[in-house]
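S.K.:
Chains as they are written, first to last, in our numbering: chain A, 6 to 575; chain B, 54 to 210.
#1: Measure the C-alpha to C-alpha separation of residue 147 (chain B) and residue 202 (chain A) and round it to an integer number of angstroms.
#2: Return no unless some Cβ of chain B is closer than 7 Å to the Cβ of residue 60 (chain A).
#3: Restricting to runs no shorter than 3 residues, where is the beta strand (DSSP E) found entirely within the stretch 346 to 383 of chain A?
#4: At the level of alpha carbons, what is the spacing between residue 354 (chain A) and residue 202 (chain B)?
#5: Between which residues of its own chain and residue 498 (chain A) is the CB-CB distance below 8 Å, once the five residues before and five after are set aside?
#6: From what residue to what residue does the alpha helix (DSSP H) around residue 82 (chain A) run?
#7: Determine the extent of the alpha helix (DSSP H) in which residue 189 (chain B) is found, giving its start and end residues.
#8: Closer than 7 Å by C-beta to residue 83 (chain A): which residues in its own chain qualify, once you throw out the five before and the five after it? Chain order, please.
#9: So which of A:364, A:317, A:358 has the shortest CA-CA distance to residue 347 (chain A)?
#10: Within 8 Å, do at least three Cβ pairs link the stretch 183 to 200 of chain B to the stretch 435 to 445 of chain A?
#11: Quick one: what's got a C-beta closer than 6 Å to residue 313 (chain A)'s C-beta in the same chain, skipping five residues either side?
#12: Compare the C-beta of residue 205 (chain B) against all C-beta atoms of chain A and say whether one is closer than 7 Å.
#13: Taking only beta-carbon positions, decide if residue 172 (chain B) is within less than 7 Å of chain A.
#14: How many Å lie between residue 195 (chain A) and residue 109 (chain A) at the Cα?
#15: Going straight from the alpha carbon of residue 287 (chain A) to that of residue 472 (chain A), what length do you get?
#16: With DSSP run on the structure shown, which of helix, strand or coil describes residue 521 (chain A)?
#17: State the CB to CB distance for the pair residue 81 (chain A) and residue 40 (chain A), rounded to an integer number of angstroms; the pair is presumed to be in contact (CB under 8 Å).
#18: What are the start and end residues of the alpha helix (DSSP H) that includes residue 157 (chain B)?
#19: Residues of the stretch 93 to 108 of chain A with a CB closer than 8 Å to any CB of chain B: list them in chain order, please.
#20: For residue 205 (chain B), count neighbouring Cβ atoms within 10 angstroms of its own Cβ and tell me buried if that reaches 16, exposed if not.
#21: Quick check: what's the CA-CA separation for residue 546 (chain A) versus residue 495 (chain A)?
#22: Using only the alpha-carbon positions, how far apart do residue 394 (chain A) and residue 156 (chain B) sit?
#23: In chain order, what residues of the same chain lie with their CB nearer than 6 Å to the CB of residue 321 (chain A), ignoring the 5 residues before and after it?
#24: In chain order, what residues of the stretch 126 to 140 of chain B put their CB closer than 7 Å to some CB of chain A?
#25: Can you tell me whether residue 64 (chain A) is helix, strand or coil according to DSSP?
#26: For residue 126 (chain B), does the count of other Cβ atoms within 10 angstroms reach 16, so buried, or fall short, so exposed?
#27: Which residues of chain B have a Cβ atom closer than 7 Å to the Cβ of residue 4 (chain A), listed in chain order?
#28: Evaluate the contact criterion for the stretch 322 to 332 of chain A versus the stretch 358 to 368 of chain A: three or more CB pairs, one atom per stretch, below 8 Å.
#29: Determine, using beta-carbon pairs with one atom in the stretch 201 to 217 of chain A and one in the stretch 226 to 237 of chain A, whether at least three such pairs fall under 8 Å.
#30: Are the Cβ atoms of residue 3 (chain A) and residue 97 (chain A) separated by less than 7 Å?
#31: For residue 333 (chain A), write down the residues that DSSP places opposite it in a beta bridge.
#32: Does DSSP put residue 110 (chain A) in a helix, in a strand, or in coil?
#33: Under 8 Å, with one C-beta from each stretch per pair, do the stretch 136 to 155 of chain B and the stretch 64 to 80 of chain A reach the 3-pair mark?
#34: On the DSSP bridge list, what partners appear for residue 1 (chain A)?
#35: Below 7 Å on C-beta distance, what does residue 197 (chain A) contact in chain B?
#36: Just to confirm, is the Cβ distance from residue 186 (chain A) to residue 449 (chain A) under 7 Å?
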């Protein structure tokens with residue numbers, strides 16, 4: 006079969022497009038993912054220790070079960086993605102450091118000087134943009150670096166994973182879920198930006214970074230300076246994914262009702278704030294509270310040396326009543342501060358980190374076993390810098406809320422775009438290659454690999470595949486290089502010659518740039534012809550077009566028409 | 054005889070001095086070897102745990118997050134375990150492109166071998182209630198936060 010670039014033969018292309026309008030398609034994904042066992046005899050995948058089959062894993066040794074679990078995770082990814090280039094994962098089980106379960110990542114990255122791949126494969130969507138090895142191969146349509154693995158995976162032989170395939174893992178970490186997550190990173194669910202300083206490898210952006218949008222600056226990461234990227238990596242709640250596939254499917258995955266701590270006014274500090282929750286008092290949203298934020302003032306005394314620590318009864322209770330109290334962390338417990346705010350008549354309490362915790366994330370606040378029971382208002386913690394920003398604006402008045410916003414999906418921003426994980430960590434170096442932990446339902450590619458995850462990678466269970474679609478893993482069931490979203494026939498007939506009703510015409514089948522072959526066109530005509538006469542007429546029209554386009558000669562046209570007439574189609 | 058004795062004495066003294074010098078030299082050599090060995094070992098460890106800011110990072114455990122393989126009980130990770138953890142996490146999550154080389158092909162395609170950097174690591178933390186939390190991290194700082202490791206920072210000498 007020959008490939009024919011339709012751009013020079015637009016007439017045929019238009020004809021093909023007209024025929025396909027009546028056709029339906031169903032995606033059937035496939036990619037071959039090969040696990041290459043790097044372990045030596047009697048170790049890792051070759052560990053001979055006897056093991057009882059568990060959860061559908063039929064291996065009878067520890068090594069066999071590990072390999073089966075790896076292959077199972079690979080098969081899930083293989084059934085989800087399409088690539089005509091096999092994906093190779095070099096894998097091993099090694100005695101890794103304590104608490105390390107495993108790791109994975111792309112082995113090589115590629116940046117292309119021009120777009121366009123082999124045959125109909127589209128090549129890179131963007132030039133001078135890094136792509137992970139597996140995705141680069143998929144886009145170009147060939148193995149760019151033959152002999153080299155696409156992903157390297159190392160897992161711990163010291164750790165007691167659940168090796169079943171049925172997700173019935175109980176208290177043990179589910180190896181399959183962890184593998185699905187880490188393989189996902191290797192398949193390009195990650196940026197290659199150094200988030201600690203915002204630098205890019207050799208100054209080039211990557212395909213993941215192109216979809217990272219900072220809603221504060223309105224810039225994508227590929228449009229930023231290093232300093233801007235560094236700041237954006239910790240811009241909590243304001244770093245979103247603006248890829249179309251994720252945004253489209255997000256409503257079917259994430260539930261409405263996002264717990265938020267927000268400053269409403271003034272505009273200069275308005276927006277969602279990173280927060281920690283309390284183990285005492287009502288949960289956020291029970292009830293929602295909003296109003297003015299007022300700094301609490303108490304006596305500087307032995308219970309608390311500062312007038313801002315809220316460790317004793319507030320001296321400005323009149324100003325705090327009916328408002329949200331702002332209190333400094335330190336000296337006494339969180340629950341006591343919140344109890345004092347409750348006693349002052351506050352409707353909510355925000356406790357900001359003090360200088361001693363200037364680089365710390367907002368803490369989860371434990372009850373002291375004494376005061377928590379008296380707290381009747383929602384209480385949250387925020388960072389030092391956020392507290393300072395609010396305090397700096399208090400002179401002009403600050404309003405805010407502690408609420409579950411029922412108009413926003415948990416894990417999305419107000420415009421329905423998925424939030425990436427960009428918290429202020431203890432020190433620099435947070436990851437943006439994950440969805441935000443506030444997402445509900447839980448997503449596979451959150452940094453926390455939760456026990457309630459399914460092994461499904463796409464909506465309505467998950468949004469992993471959707472993000473990979475956005476970076477370029479287009480659906481291509483017949484692996485012709487044309488995305489199913491625009492493919493004239495996602496399941497093309499690639500027979501070398503045209504066969505009509507069992508009659509082989511010996512005429513070479515041809516693939517057009519729109520993803521259809523001549524065999525596909527014949528099938529489409531047959532499917533849309535109510536009777537044999539219409540089918541014969543349709544084929545006559547097709548052969549005229551093919552001959553006018555120079556794809557067949559008169560003799561071949563005759564063979565096609567002869568087989569058509571002799572068939573009993575449709 | 055006296056002279057001989059004296060000579061013998063001097064010879065004995067000389068032998069003693071010589072032996073003493075050899076012992077001192079041997080001790081010095083051993084000290085030197087030890088110092089070099091320790092320096093090299095220290096250098097290796099610190100280079101593995103070196104941050105992009107040129108600081109050596111060391112951590113101490115503050116929480117019981119590790120399950121002892123012998124007893125099955127939760128405990129804090131030992132200093133040796135932390136050292137191995139820091140070395141491994143730092144190396145695999147290294148996001149620096151320093152030292153990476155680009156292979157440029159005739160068609161203009163650029164390829165970079167990431168040399169095992171830019172990995173993502175899954176960590177486990179044993180919880181008090183018998184469950185295990187799993188988290189994927191991309192930096193040592195995230196790992197430290199998750200595992201309750203407190204950083205002790207010293208400037209490079």
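Every residue gets a Cβ at the ideal spot worked out from N, C-alpha and C, and that includes glycine.
M.R.: Reading from the atomic positions:
#1: 12 Å
#2: no
#3: 353 to 357
#4: 30 Å
#5: 514, 522, 524, 525, 528
#6: 67 to 85
#7: Note, residue 189 (chain B): premise wrong, no alpha helix (DSSP H); beta strand (DSSP E) at 185 to 190.
#8: 35, 36, 37, 38
#9: A:317
#10: yes
#11: 333
#12: no
#13: yes
#14: 11 Å
#15: 36 Å
#16: coil
#17: Incorrect: roughly 13 Å between the Cβ atoms, too far for contact.
#18: Taken as a continuous stretch (DSSP letters only), residue 157 (chain B) belongs to no alpha helix (DSSP H), being part of the beta strand (DSSP E) at 155 to 157.
#19: 101, 102, 103, 104, 105, 106, 107, 108
#20: exposed
#21: 23 Å
#22: 47 Å
#23: 302
#24: 130, 134, 137, 138
#25: coil
#26: exposed
#27: This structure gives no information on residue 4 (chain A), because the portion of chain A shown stretches from 6 to 575.
#28: no
#29: yes
#30: In the structure as shown, chain A starts at 6 and stops at 575, and residue 3 (chain A) therefore has no counterpart that could be examined.
#31: A:357
#32: strand
#33: no
#34: Lying outside 6 to 575, the shown extent of chain A, residue 1 (chain A) is not represented and no answer is given.
#35: 171
#36: yes
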